[in-house]
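Have a look at the structure below, then the notes.
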Amino acid sequence: MNHFNWDYSFLVDFDLNNGFSKTAETTKRYLSQMKDMFYDVEAAEEILKTEDPLIYEFYELGFPEREGDLAFGTTILYPGLVGEEYYMTKGHFHTKLETAEVYYTLSGEGYMVMENPEGDTIEIPLVKGQALYVPRRYAHRSVNTGNEPLVMFFTFDADAGHDYGTIETKGYHKMVVERQGKAEIVPNPKW
Ligand code: MN
1 MNHFNWDYSF LVDFDLNNGF SKTAETTKRY LSQMKDMFYD VEAAEEILKT
51 EDPLIYEFYE LGFPEREGDL AFGTTILYPG LVGEEYYMTK GHFHTKLETA
101 EVYYTLSGEG YMVMENPEGD TIEIPLVKGQ ALYVPRRYAH RSVNTGNEPL
151 VMFFTFDADA GHDYGTIETK GYHKMVVERQ GKAEIVPNPK W
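Quick note on our numbering: the sequence shown kicks off at 1 and runs consecutively.
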């Protein structure tokens, strides 16, 4: 357990090539923990017969969920497919819906897939060297459409909270799939 003094100041290391930190805590998400989030659950179960691949991991500081603080860290989303669907993060709404987030792409390529409670959707490419703004009220999930890890640095209001449940049952309205070797954004048939 790391302890930072959020009422003073501190430095913490993040490797901006691979996203790793020697100090921050890592959380890993394996396919077995999110197989039902992929459209092709049978393809996920087929993979799980022989292996349980690491889909993504993130490094953060165990920040206090206090108003006025900023949470930050890195996400490393590995390349791969489940059926025709690219590896992706679980994605979430913020419990405090009116809170935004910034993602800066350090390496790799992909999409940020966003949608609000009214079902409006936005998909924006994640491009190395560019910051992406996730607006208030939008759930957000990143998708790796490349062949190398997609590495991002993020920051958001520390008390925003994470609401996975709302979107966990049916998934997002849009999904990103590989067809004829190219990334395509298609409607999720479950909606
Ligand atoms: Mn968020």
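Positions of the beta carbon are idealized from the N, C-alpha and C atoms, including for glycine. Just so you know, these numbers come straight off a predicted model, no measurement behind them.
Where residue i falls: helix, strand or coil (DSSP)
i, result
"Glu123", "strand"
"Ala139", "strand"
Proximity to residue i [Cα-Cα], best of the options
i, options, result
"Glu98", "Arg136, Ile122, Asp163", "Arg136"
"Glu101", "Leu70, Ser107, Thr26", "Leu70"
"Pro187", "Lys28, Tyr133, Glu115, Glu46", "Glu115"
"Glu42", "Met152, Thr23, Val176, Glu85", "Glu85"
"His162", "Ala139, Gln180, Asn5", "Ala139"
"Phe63", "Val113, Phe10, Asn18", "Phe10"
Residue span of the alpha helix (DSSP H) that contains residue i, given as start and end
i, result
"Gly165", "165–168"
"Met34", "31–34"
Endpoints, the beta strand (DSSP E) within which residue i is located
i, result
"Met175", "174–179"
"Ala131", "131–134"
"Leu48", "Taken as a continuous stretch (DSSP letters only), Leu48 belongs to no beta strand (DSSP E), being part of the alpha helix (DSSP H) at 41–48."
"Glu109", "109–115"
"Pro187", "182–187"
"Ala71", "70–77"
Beta-bridge pairing of residue i - partner residues as DSSP gives them
i, result
"Phe154", "Gly73, Tyr103"
"Tyr59", "Thr26, Thr74"
"Leu54", "Tyr30"
"Glu84", "According to DSSP, Glu84 bridges with nothing at all."
"Phe93", "Asp163"
Chain C within 7 Å of residue i, Cβ atoms only
i, result
"Leu132", "Here there is only one protein chain, and chain C is not present."
On the three-pair Cβ rule with 8 Å, is the segment 122–132 touching the segment 40–58? no
Spell out a yes or no on whether the segment 79–98 and the segment 24–39 are touching, meaning 3 or more CB-CB pairs, one atom from each, closer than 8 Å. yes
Just checking, does the segment 58–72 make contact with the segment 154–165 on the three C-beta pairs under 8 Å criterion? yes
Between the segment 143–153 and the segment 102–120, are three or more C-beta pairs nearer than 8 Å? yes
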